[in-house]
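Engineer:
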Amino acid sequence: MNKKQKKMLVRIIISLVLVVVFSQLPVEGYLRFGLFMIPYLIIGYDILKKAFKGIRNKQVFDENFLMAVATIGAILLGDYTEGTAVMLFYQIGELFQSYAVGRSRRNISELMDIRPDYANVENNGELEQVDPDEVAIGTIIIVQPGEKVPIDGVITEGTSTLNTSALTGESLPRSAKVGDEVISGCINMTGLLKIRTTKEFGESTVSKILELVENSSSRKSKSENFISKFAKYYTPAVCYGALALALLPPIVLLIMGKPAMWGDWIYRALTFLVISCPCALVISIPLSFFAGIGGASNQGVLVKGSNYLETLAQTKYVVFDKTGTMTQGVFEVSGIHHSQIPDEKLLEYAALAECSSSHPISKSLQKAYGKPVDRNRVTDIEEISGNGVITKVDGVSVAAGNAKLMKKLGIAYQECHHVGTVVHMAVDGRYAGHILISDIIKPHAKEAIAELKKAGISRTVMLTGDSRRVADQVAAELGIDEVYSELLPADKVTKVEELLDKKTAKEKLAFVGDGINDAPVLSRADIGIAMGALGSDAAIEAADIVLMDDDPLKISKAIKIARKCIRIVYENIYFAIGIKVLCLILGAIGIANMWMAIFADVGVMIIAVLNAIRALFVKKL
104 MNKKQKKMLV RIIISLVLVV VFSQLPVEGY LRFGLFMIPY LIIGYDILKK AFKGIRNKQV
164 FDENFLMAVA TIGAILLGDY TEGTAVMLFY QIGELFQSYA VGRSRRNISE LMDIRPDYAN
224 VENNGELEQV DPDEVAIGTI IIVQPGEKVP IDGVITEGTS TLNTSALTGE SLPRSAKVGD
284 EVISGCINMT GLLKIRTTKE FGESTVSKIL ELVENSSSRK SKSENFISKF AKYYTPAVCY
344 GALALALLPP IVLLIMGKPA MWGDWIYRAL TFLVISCPCA LVISIPLSFF AGIGGASNQG
404 VLVKGSNYLE TLAQTKYVVF DKTGTMTQGV FEVSGIHHSQ IPDEKLLEYA ALAECSSSHP
464 ISKSLQKAYG KPVDRNRVTD IEEISGNGVI TKVDGVSVAA GNAKLMKKLG IAYQECHHVG
524 TVVHMAVDGR YAGHILISDI IKPHAKEAIA ELKKAGISRT VMLTGDSRRV ADQVAAELGI
584 DEVYSELLPA DKVTKVEELL DKKTAKEKLA FVGDGINDAP VLSRADIGIA MGALGSDAAI
644 EAADIVLMDD DPLKISKAIK IARKCIRIVY ENIYFAIGIK VLCLILGAIG IANMWMAIFA
704 DVGVMIIAVL NAIRALFVKK L
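Numbering (the working numbering), first residue to last: 104 to 724.
1) Give the C-beta separation of Val189 and Ile701 to the nearest angstrom, bearing in mind that I take them to be a contact with Cβ-Cβ under 8 Å.
2) Under a Cβ-count criterion, where at least 16 other Cβ atoms within 10 Å of its own Cβ denotes burial, should Phe192 be classed as buried or exposed?
3) Could you check where the beta strand (DSSP E) with Asn675 kicks off and where it finishes?
4) Would you be able to state if there are at least three C-beta pairs under 8 Å between the region 412-431 and the region 551-565?
5) Could you give the DSSP three-state label for Ile544: helix, strand or coil?
6) Can you name, in chain order, every residue of its own chain whose Cβ lies under 7 Å from the Cβ of Ala345, other than the five neighbours on each side?
7) May I have the straight-line CA-CA distance separating Leu602 from Gly241, to the nearest angstrom?
8) Decide if Lys611 is buried, meaning its Cβ has at least 16 other Cβ atoms within 10 Å, or exposed.
9) Given this structure, state the Cα-to-Cα distance separating Ala613 from Met651, to the nearest angstrom.
10) Residues in the same chain with beta-carbon distance under 8 Å from Thr524, minus the five sequence neighbours each way, listed in chain order, please.
11) Kindly indicate which three-state DSSP category Gly638 falls into: helix, strand or coil?
12) Does the distance from the C-beta atom of Ser442 to that of Gly504 stay below 7 Å?
13) In the structure shown, what three-state DSSP assignment does Arg159 receive?
14) When the Cβ atoms of the region 389-402 are set against those of the region 676-691, are three or more pairs found closer than 8 Å?
15) Between which residues of its own chain and Val496 is the CB-CB distance below 7 Å, once the five residues before and five after are set aside?
16) Measuring CA to CA, which of Ile439, Ser459 and Glu225 is closest to Gln247?
17) Report the residue from Lys545, Leu138, Ala661 and Val436 whose alpha carbon sits nearest the alpha carbon of Glu413.
18) Which residues in the same chain have their Cβ closer than 7 Å to the Cβ of Gly638, if we skip the five residues on either side of it in sequence?
19) Curious, which full-length alpha helix (DSSP H) runs of at least 4 residues does the region 409-452 contain?
20) Starting from Thr374, trace the beta strand (DSSP E) both ways and give me its first and last residue.
21) Would you mind giving the Cβ-Cβ distance between Pro655 and His527, rounded to the nearest angstrom? I have them listed as a contact below 8 Å.
22) Please name the residue in Ser488, Val707, Cys668 and Asn696 whose C-alpha comes closest to that of Lys683.
23) Which residues mark the beginning and the end of the beta strand (DSSP E) in which Tyr221 is found?
24) Give a yes or no on whether the C-beta atoms belonging to Gln576 and Val522 are separated by under 7 Å.
25) So, Thr293 versus Thr264, is the Cβ gap smaller than 7 Å?
26) Should Val530 go down as buried or exposed, given a rule of 16 or more other Cβ atoms within 10 Å for buried?
27) Taking the beta strand (DSSP E) that Phe614 belongs to, which residues open and close that run?
28) Where does Thr259 fall in DSSP's three states?
29) In chain order, what residues of the same chain have a beta carbon less than 7 Å from the beta carbon of Asp165, not counting five sequence neighbours either side?
30) Report the rounded CA-to-CA distance for Ala171 versus Ile694, giving the unit in angstroms.
31) Taking all protein chains shown into account, do 16 or more other C-beta atoms lie within 10 angstroms of the C-beta of Asp653, making it buried, or fewer, making it exposed?
32) So, using beta-carbon positions, are Tyr143 and Thr184 closer together than 7 Å?
33) Helix, strand or coil: how does DSSP classify Ala535 here?
34) When you compare the CB positions of Lys595 and Val624, do they come within less than 7 Å of one another, or not?
35) Could you tell me the distance, in whole angstroms, from the CA atom of Arg666 to the CA atom of Thr259?
36) Hey, Lys425 and Met634: beta-carbon distance below 7 Å or not?
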């Protein structure tokens with residue numbers, strides 16, 4: 104509890120004790136009134152002050168005004184215990200709500216506790232702690248074990264493991280070595296690291312994430328906007344309704360020649376006012392979205408606003424980019440076929456023949472070879488554009504390239520029936536086999552599609568610039584419903600627009616891309632999801648939702664989080680309005696008294712707030 108909450112708790116205890124004691128005293132009249140005004144003013148002076156301030160500022164109709172009118176009215180009718188008790192229980196509810204909201208905010212800030220306090224810079228052989236904002240690009244900073252990485256950069260010295268759980272939700276640490284890029288916000292766990300900064304603090308990953316989460320409350324959902332408008336018109340309406348309830352029935356009774364029973368009808372009107380207080384809705388709906396966004400952040404899913412959470416919950420179509428989203432976007436040797444010499448020797452010849460090229464295919468061959476490449480062994484390199492390379496390795500003639508190169512050299516070759524890039528090899532003028540290089544499907548990609556279908560996604564689509572043969576094989580392996588291949592970036596936008604025209608207005612379409620090359624499509628879809636976007640400024644800018652790691656399973660997780668949050672929002676709306684309407688009817692016909700009224704206000708608010716906090720807990724979805 105903070106200082107303000109502790110002070111309120113003391114006021115509640117004092118007032119409660121005084122109400123209990125004064126209720127037992129055998130005093131009546133002005134003395135009893137004077138005694139009960141002591142606990143009433145102790146517990147309610149701030150509510151009366153806010154109500155008066157609202158009247159003075161011409162913003163009359165709020166919960167402070169309702170509570171002030173209802174309790175003062177009850178006291179003037181002689182119900183001192185009841186009037187004071189209503190104010191007391193209202194303040195108990197407010198204290199609980201304040202504590203619950205504060206607790207959920209603290210939980211969220213702990214989940215997102217990634218803001219670094221300082222950066223270590225070496226100065227004359229000594230470490231100096233400086234504000235991260237003051238560190239220029241290219242500065243060497245030192246991160247000791249247990250410290251947060253303050254700014255994005257590249258490791259120049261040291262090896263370590265990094266805890267990225269606050270950013271990605273991953274529990275397993277990542278290894279880091281010289282040359283690796285590291286992002287701000289993760290924690291250095293083991294070794295000392297020297298990092299050369301590549302961004303200013305304001306542009307680093309941690310700043311972008313914090314800015315995104317902090318600004319998420321400014322983008323309100325339809326449900327939140329509805330509640331704001333509802334409260335704006337509802338509160339004046341119930342005030343006028345209470346006034347009508349206090350005046351019209353007694354006047355009608357007088358006209359009919361019957362006793363007016365003013366006290367009875369005024370009491371009903373005051374009960375009506377207490378019941379009508381819209382606290383449960385006004386507090387619990389934004390809190391539900393706030394908790395949902397916080398829970399998602401903990402799982403490495405950054406949502407830019409509650410409006411996007413609402414849209415994500417209605418998603419029925421999920422459209423994927425292929426490379427970097429469903430596949431790793433890294434080419435690897437996946438097979439060696441029809442080899443006439445040992446596989447290791449064929450790989451060695453291929454790696455050496457391609458040693459002068461920086462093409463991803465060449466790099467994948469050198470990676471598969473796994474040993475240092477001695478360029479002195481390679482002579483007479485002749486690169487044939489669009490075909491491959493002819494060279495000599497240790498004086499032996501080696502040709503590495505596609506089928507066109509083999510035809511050009513007049514060498515009979517074996518066709519490859521697998522999907523991928525094929526490097527045909529000829530050694531000493533004779534065919535030696537071929538090496539298959541392919542983009543590897545991500546480990547959880549197939550499971551991710553299955554989970555989406557379980558979650559009720561009606562259509563999964565993949566768009567790619569790759570060849571039809573490669574695209575069809577990936578789609579079949581993953582279980583994707585539709586695939587469109589050989590698309591340019593502009594074609595992807597056109598295809599998404601066609602899909603948007605086909606679906607109904609209630610169905611939403613999400614596009615999942617790597618966020619760098621897919622910005623036009625991410626912004627065109629109903630909701631854009633950037634995946635594997637750690638450190639990618641383009642992804643954070645273009646997408647509505649950012650998944651902070653490469654795991655496709657996070658897509659279904661994000662949808663489940665959104666649906667749980669929206670379900671809680673509607674539970675609170677139906678529950679709060681349902682109880683209010685029931686109690687308003689009972690109050691109007693004289694069945695509900697002030698005690699039932701306080702349950703309809705404070706009790707419903709407490710239940711709704713507790714329900715809203717459930718949106719924080721999303722680990723086991």
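Idealized CB from N, CA, C, for every residue including glycine.
Structural biologist: According to the structure shown:
1) Cβ-Cβ separation between Val189 and Ile701: approximately 5 Å, consistent with a contact (criterion under 8 Å).
2) Phe192 should be labelled buried.
3) Counting along the chain, Asn675 falls outside any beta strand (DSSP E), though it belongs to the alpha helix (DSSP H) covering Leu656 to Ala691.
4) The region 551-565 is in contact with the region 412-431.
5) The answer is strand: DSSP assigns Ile544 an E or B state.
6) Taken in chain order, the residues that qualify are Ala372, Phe375 and Leu376.
7) Rounded to the nearest whole angstrom, the CA to CA distance from Leu602 to Gly241 is 46 Å.
8) Label assigned to Lys611: buried.
9) Using only the alpha carbons, I get a separation of about 17 Å.
10) The beta carbon of Thr524 lies closer than 8 Å to those of Phe434, Ile464, Leu539, Ile540 and Ser541 in the same chain, with the five residues before and after it left out.
11) The pLDDT assigned to Gly638 is 48, lower than 50, so where the model puts this residue is not dependable; a value taken from the coordinates is nonetheless given after this. Three-state result, Gly638: coil.
12) Taking 7 Å as the cut-off, the beta carbon of Ser442 is found no closer than this to the beta carbon of Gly504.
13) In this structure, Arg159 counts as helix in the three-state DSSP scheme.
14) Short answer: they don't touch.
15) Tyr452, Leu455, Ala456, Arg480 and Val481.
16) Of the listed residues, the one whose Cα sits closest to Gln247 is Glu225.
17) Closest option to Glu413, Cα to Cα, is Ala661.
18) With a pLDDT of 48 at Gly638, under the threshold of 50, the modelled position of this residue cannot be trusted; read the value that follows with caution. Asp255, Glu284, Ile286 and Thr308.
19) If we require 4 residues or more, the alpha helix (DSSP H) runs fully inside the region 409-452 come out as 409-416.
20) Run containing Thr374: none in the beta strand (DSSP E); it sits in the alpha helix (DSSP H), Trp365 to Ser379.
21) About 33 Å separates the Cβ atoms of Pro655 and His527, ruling out a contact at the 8 Å cut-off.
22) With respect to the C-alpha of Lys683, the residue from Ser488, Val707, Cys668 and Asn696 having the closest C-alpha is Val707.
23) In the DSSP annotation of this structure, Tyr221 is not part of any beta strand (DSSP E), being labelled neither H nor E.
24) Going by C-beta atoms, Gln576 is nearer than 7 Å to Val522.
25) It is a contact, given that the beta carbons lie within the stated cut-off.
26) So Val530 counts as buried.
27) Per DSSP, the unbroken beta strand (DSSP E) holding Phe614 starts and ends at Lys611 to Gly616.
28) Looking at Thr259 - three-state DSSP - the assignment turns out to be strand.
29) Excluding residues up to 5 positions away in sequence, Gly157 and Thr338 lie with their Cβ nearer than 7 Å to the Cβ of Asp165 in the same chain.
30) Those two C-alpha atoms are separated by around 22 Å.
31) So Asp653 counts as buried.
32) The criterion of a C-beta distance shorter than 7 Å is not satisfied by Tyr143 and Thr184.
33) Here Ala535 sits in strand by DSSP.
34) Yes.
35) Between Arg666 and Thr259, the C-alpha separation is close to 44 Å.
36) With respect to Met634, Lys425 sits apart: the two C-beta atoms are not nearer than 7 Å.
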